Amino acid sequence: MPTLNIIQAVNDALRQEMRRDPTVVILGEDVGKFGGVFRASQGLQEEFGKDRVIDTPLAESGVIGTAVGMALYGLRPVPEIQFADFIFPAMDQIVSEVAKFRYRSGGQYTCPMVIRTPYGGGIRGGHYHSQSPEAHFIHTAGLKVVVPSNPHDAKGLLTSAIRDPDPVLFFEPKRMYRAARGEVPDGEVVVPIGKARVTREGRHVTLIAWGAMWHEADQAAREAADLGIECEVLDLRTLQPLDIDAIVESVQKTGRAVVVHEAPRTCGFGAEISALIQERCFLHLEAPVARVTGFDTPFPYTLESEYLPRAPRILKAVREVMAF
Amino acid sequence: MTDPVNVPGRWEREFPLQTVIEEDGSADPARVTLTDAKALDLFRWMILSREMDERMVQLQRQGRIAFYIGAIGEEATVLGTVAGMEERDWLFPSYREHAGALYRGMPFVTFVCDLLGNAGDRMLGHQMPCHEAWAPGRFVSISAPIATQVPQAVGAAWAARIRGDDMVSLTWFGEGATSANDFHTGANFAGVHKVPVIMVCRNNGWAISVPRELQTASETIAQKAVAYGIHGERVDGNDLLAVHAATQRARVRAASGLGPTLLECVTYRVEGHSTSDDPRAYRGAEEVDAWRDRDPILRLGRYLTWRKLLPPDEVEALRAEARERIRRAVEDAETFAPKPSIQTLFQGVYAEPLWQQREQLDELRAAVAEDPRTSHPR
Ligand SMILES: Cc1ncc(C[n+]2csc(CCOP(=O)(O)OP(=O)(O)O)c2C)c(N)n1
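Chains as they are written, first to last, in this note's numbering: chain A, 1 to 324; chain B, 325 to 702.
Next comes the structure, spelled out in structure tokens:
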């Protein structure tokens with residue numbers, strides 16, 4: 001089985017789905033001849049031609065707006081937004097149009113598409129190349145939100161997302177693009193949307209994370225083990241639809257939960273998860289649900305190590321919920 | 325100091341206002357693109373559109389529908405463009421082109437059910453009145469945010485070309501929309517990729533209370549085409565024959581690979597922006613009256629009279645026929661239950677409901693059962 005990084009896995013999924021389904025098209029800035037600034041679509045224009053791997057003018061609302069028309073007409077577009085930080089010019093198209101077409105037309109029109117975009121910090125990118133805007137999209141009914149943490153899931157989830165009847169925001173952890181490597185089968189890999197994965201079993205604390213932060217949570221769990229604390233680590237993989245059963249099952253077992261995300265804390269997705277745990281696991285809880293997150297500031301440049309919720313801060317939260 | 329470059333009138337000369345029907349109703353046969361039968365049919369449609377708009381405003385005033393936005397004075401622009409397209413072409417409307425939906429086969433009663441948001445509403449009560457969709461007629465769902473439909477129309481036409489279909493899409497928007505990001509983006513994308521799309525600007529002079537002069541410093545809307553490297557034309561939007569001919573020309577261009585057209589139809593919004601607006605607060609009666617004399621229905625009527633197709637009392641008969649159709653549609657629509665069932669609130673957000681939505685539906689049902697006031701307007 002080949003060992004791939006996340007970029008290669010994404011490329012592999014795109015290529016396979018384009019071979020399988022002639023309606024799949026890619027569009028975005030620099031995605032064609034160059035293959036994308038992160039090279040996710042490298043070689044695809046050569047194989048599938050300029051009609052299916054399209055270099056668009058520089059306007060995100062146009063990338064998504066034209067993708068809407070393509071999807072309505074029966075293509076399966078996979079637009080790329082070069083950095084999640086630049087998705088905001090397309091916000092109107094995504095929130096007012098993509099998310100609402102099925103609902104507002106009483107099911108007469110749908111616009112399934114996968115909006116791929118690299119997100120997250122730790123690459124010395126300052127606030128315009130580091131943000132994690134997933135909560136905006138989870139908060140918008142009509143969108144699905146997927147965040148893989150590793151190459152296998154990147155391939156399998158992207159495949160599922162392209163086949164999904166609903167629009168999907170596909171956030172790729174750019175810091176892990178090349179750092180996360182793993183075995184990925186050559187042929188079809190399908191990871192269902194809406195299913196979390198328990199990546200480590202434990203009986204004391206549930207660590208809930210996704211994307212790049214899963215790696216930090218995993219690191220913290222290893223360090224906690226040295227202290228005799230057994231963490232169960234959950235990689236959510238899909239944020240909407242949320243695998244609530246996996247969360248409840250784990251937290252009812254451990255009685256403690258720490259939620260980790262890069263985005264600012266206030267109204268971050270951790271707040272929702274914390275509320276759900278409180279609603280569903282109240283009598284099982286041994287301690288308040290803890291959140292280890294980015295701070296309520298724009299993403300900083302110099303102090304990004306401090307800003308990001310890395311293993312030491314997660315470990316501290318683990319010890320605190322244990323001591324509560 | 326007079327501006328030596330931006331000479332007044334320069335762009336109006338470059339993009340002359342094209343007309344076909346002369347003041348006296350005559351027309352150069354070489355420039356007429358409609359058969360007599362078709363012209364008469366469209367006359368009927370324009371009358372239906374006018375009568376419908378007037379009736380729906382009344383219903384709104386009576387409190388029977390919550391809101392209405394129509395196309396009084398702009399009928400030639402709406403119907404001339406839709407009639408200039410092929411059946412298979414897709415239409416991306418703004419919010420005044422209801423006659424286009426009906427022309428494409430949306431049953432009148434379905435349209436009225438949408439206005440009522442009742443159990444017969446094809447949109448399941450999900451949108452406010454006048455935001456219909458009619459997929460069987462390739463009339464795409466209307467949204468409120470200005471200009472979002474422009475890049476979408478570009479995308480659909482682009483997709484058709486990729487799939488090898490002979491399909492041209494058409495989108496309508498007001499002149500106010502030409503200030504919006506998505507107008508620019510759509511025109512630019514269409515230009516770069518020579519997409520077979522027709523962008524129809526209903527230049528009706530006003531965007532709610534903001535006059536055209538405060539929307540753009542361009543002398544014409546059509547000239548904006550120049551900057552995108554696409555074709556632009558300016559027609560008298562109250563002249564059905566001029567609008568129809570220009571649409572057909574644009575369609576031929578698009579279908580033969582010559583790319584998009586920006587078609588400016590110069591017309592006028594004779595009534596308020598919508599039932600929520602009172603235009604007396606921002607414009608004078610003289611301006612409006614001048615445009616009433618240039619009414620597109622009178623204009624086509626003069627042509628049909630010149631063609632000896634319109635006996636003197638025919639117009640009144642057509643209006644009575646339209647009113648009867650409307651009366652029946654309203655009557656039939658009002659037989660539906662006033663609200664769709666409660667689960668439609670959650671229907672169609674996703675292909676399959678989320679667990680959250682299923683729980684919330686149960687929660688809502690329980691709340692209604694426990695206290696029916698939950699379902700009553702306050
Ligand atoms: C993005 C956005 N901003 C504001 C509005 C509120 N609004 C609705 S219609 C309108 C004026 C539009 O004028 P124009 O584009 O000229 O079209 P017309 O109504 O004259 O046909 C405004 C400001 C809106 N619907 N969308």
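A virtual CB, placed ideally from N, CA and C, is assigned to each residue, including glycine. These figures come from a predicted structure and were not determined experimentally.
Within the segment 59-130 of chain A, the complete beta strand (DSSP E) segments at least 3 residues long are 76-80 and 114-119, listed from N- to C-terminus. When B:V331, B:D352 and B:L341 are compared, the shortest CA-CA separation from B:R631 is found for B:D352. For B:A531, the distance from the CB to the nearest heavy atom of ligand 1 is below 6 angstroms.
In this structure, the beta-carbon distance from B:E595 to B:Q539 does not fall below 7 angstroms. A:S41 does not reach chain B, its nearest Cβ partner there being about 17 angstroms away, counting only Cβ pairs nearer than 8 angstroms. Checking the DSSP bridge columns, you'll see A:R178 has no partner listed. DSSP places B:R631 outside any beta strand (DSSP E), giving it a letter other than H or E. By the Cβ criterion, the segment 580-600 of chain B is in contact with the segment 614-622 of chain B, since at least three pairs of Cβ atoms, one from each stretch, lie closer than 8 angstroms. Close to B:F513, with beta-carbon spacing below 9 angstroms, are these residues of chain A in chain order: T56, P57, A59, G62, V63, G65 and T66. Collapsing the DSSP output to three states places A:V260 in a strand.
Distances between the C-beta of B:N562 and the heavy atoms of ligand 1 are all 6 angstroms or more. The continuous alpha helix (DSSP H) containing A:V318 extends over residues A311 to A323. Contacts with chain A at 7 angstroms (Cβ-Cβ) include B:R446. For secondary structure counted as the alpha helix (DSSP H) over 4 or more consecutive residues, the segment 226-308 of chain A holds these complete runs in sequence order: 244-254, 269-280 and 304-307. Closer than 6 angstroms to some heavy atom of ligand 1: that does not describe the Cβ of B:P453. A:K144 is bridged by DSSP to A:V168. When C-beta atoms of the segment 660-675 of chain B are compared with those of the segment 217-225 of chain A, fewer than three pairs fall below 8 angstroms, so the two segments do not count as touching. Neighbours of A:V98 in chain B, taken as residues whose beta carbon is under 7 angstroms from its own, are absent, since the nearest beta carbon is some 10 angstroms off. Between A:E97 and B:G333, the alpha-carbon positions lie close to 39 angstroms from each other. Look at the segment 546-579 of chain B: it has no residue with a C-beta under 9 angstroms from a C-beta of chain A. The Cβ-Cβ distance between A:T140 and A:A99 falls below 7 angstroms. Under the Cβ criterion of 7 angstroms, A:P167 is not counted among the residues facing chain B.
Interface criterion not met: the Cβ of A:R237 is under 7 angstroms from no Cβ in chain B. Pairing A:S61 with A:A84 gives a Cβ-Cβ distance that is not under 7 angstroms.
Counting other Cβ atoms within 10 Å of its Cβ, A:V189 reaches 16 or more and is therefore classed as buried. Under DSSP, A:R197 forms a beta bridge with A:D235. Within the same chain, Cβ atoms closer than 6 angstroms to the Cβ of A:P133 are found at A84, the five residues on either side in sequence being excluded. Neighbours of A:V25 across chain B, judged by C-beta separation under 9 angstroms: A483 and I486.
Note on geometry: alpha-carbon atoms of B:S699 and B:L440 lie some 17 angstroms from one another. In this structure, DSSP gives B:M325 a state outside helix and strand, which the three-state scheme calls coil.
The segment 510-517 of chain B makes no contact with the segment 555-567 of chain B, as fewer than three CB pairs between them are under 8 angstroms. Of all residues in the segment 240-252 of chain A, only P241 and I244 come within less than 7 angstroms of chain B when Cβ atoms are compared, listed by chain position. By the neighbour-count criterion, in which a residue is buried when 16 or more other Cβ atoms sit within 10 angstroms of its Cβ, B:N330 is exposed.
Contact annotation, A:F137 with A:L169: C-beta distance approximately 5 angstroms; criterion of less than 8 angstroms satisfied.
Distances between the C-beta of A:N150 and the heavy atoms of ligand 1 are all 6 angstroms or more. Linking B:H555 to B:P584 through their CA atoms gives a straight-line distance of about 7 angstroms.
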